Amino acid sequence: MSDYKTPSSQIKASQEYRKRISTDEEKRAHRNYMNGRRNARSFIKKAKVEDLQEMKQLIAERENELQTEKTSTD
């Protein structure tokens, strides 16, 4: 990784990179997916029992939706 002479040059490089990435819709969608996944994992690690129970229910519902979609397309 390159070393930048100043923090401002690092910030500028990061901003330019974000501009390039955000122009590609597929990359943006993947980045949003990865951010959501990271947030979900962090939430699970810090969650209370009630929160985890709700998450289990939501996951089960989503799995059922995906199974229904899969069987309807087969």
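When we follow numbering that gives the first Met the number 0, the leftmost residue of the sequence shown carries the number 0, and every step to the right adds one.
Every residue gets a Cβ at the ideal spot worked out from N, C-alpha and C, and that includes glycine.
All figures in this text were calculated on a predicted structure; none of them were measured in a lab.
Thinking Arg30 and Ile43 are a contact (beta carbons under 8 Å), I'd like their distance in whole angstroms, please. Numbered from 1 along the sequence shown, position 31 holds the residue referred to as residue 30. Numbered from 1 along the sequence shown, position 44 holds the residue referred to as residue 43. Distance from Arg30 to Ile43 at the Cβ level is roughly 21 Å; contact not present, criterion being Cβ atoms closer than 8 Å.
Please report the straight-line C-alpha distance between Arg61 and Glu24, rounded to a whole angstrom. The count along the sequence shown starts at 1 and reaches residue 61 at position 62. The count along the sequence shown starts at 1 and reaches residue 24 at position 25. Each residue's CA atom was taken as its position, placing Arg61 and Glu24 some 25 Å apart.
In the DSSP assignment, find the alpha helix (DSSP H) that holds Asp50 and state where it starts and stops. On the sequence shown, position 51 is the one that residue 50 refers to. From DSSP, the alpha helix (DSSP H) with Asp50 extends over Val48 to Thr72.
Can you tell me which of the three DSSP states Thr22 falls into? The sequence position of residue 22 within the sequence shown is 23, counting from 1. Thr22: helix per DSSP, three-state reduction.
Between Gln52 and Ala46, what straight-line distance do the alpha-carbon atoms span, to the nearest angstrom? Translated into the one-based positions of the sequence shown, residue 52 becomes position 53. Translated into the one-based positions of the sequence shown, residue 46 becomes position 47. Each residue's Cα considered, the two are about 10 Å apart.
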